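Using the working numbering, you'd call the opening residue of the sequence shown number 88 and step up by one each time. Just so you know, even glycine gets a beta-carbon here, dropped at the ideal spot from N, CA and C. It should be emphasised that the depicted structure is a prediction, and the values quoted were computed from it without experimental measurement.
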Amino acid sequence: MYFAASLGLEFLAPQGLVGLLVLVIGLVFSVMMLYIGYVSIREMYPNKSQKLKVQNLKKQQEKIARLYPQS
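What follows is the structure in structure tokens.
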């Protein structure tokens, strides 16, 4: 820290105003990036495949029931 003190950069330290602001902005940015990654992964691998399989099976059963009515 002696080097920073000799250059007059104490305000960039985590205890300084600018340093604290940089830490807060970095934290917000990191949380935003994690959220964007989470959303993109959920869009890449949706759980709709299970619902789609069930819907297709129901449609298939309805078509079979129309072809072979039980009277």
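Can you list, in chain order, the residues of its chain with a C-beta nearer than 8 angstroms to that of residue i? Leave out the 5 residues immediately preceding and following it.
i, result
"F98", "L104, V105, G106"
Check for me: the alpha helix (DSSP H) holding residue i runs from which residue to which?
i, result
"G198", "Because the chain is modelled from 88 through 158, residue 198 falls outside the range shown and cannot be assessed."
"E149", "135–154"
Do residue i and residue j have their C-beta atoms within less than 8 angstroms of each other?
i, j, result
"P101", "L114", "no"
In its own chain, which residues sit with a C-beta less than 7 angstroms from the C-beta of residue i, not counting the 5 before and 5 after it?
i, result
"I128", "none"
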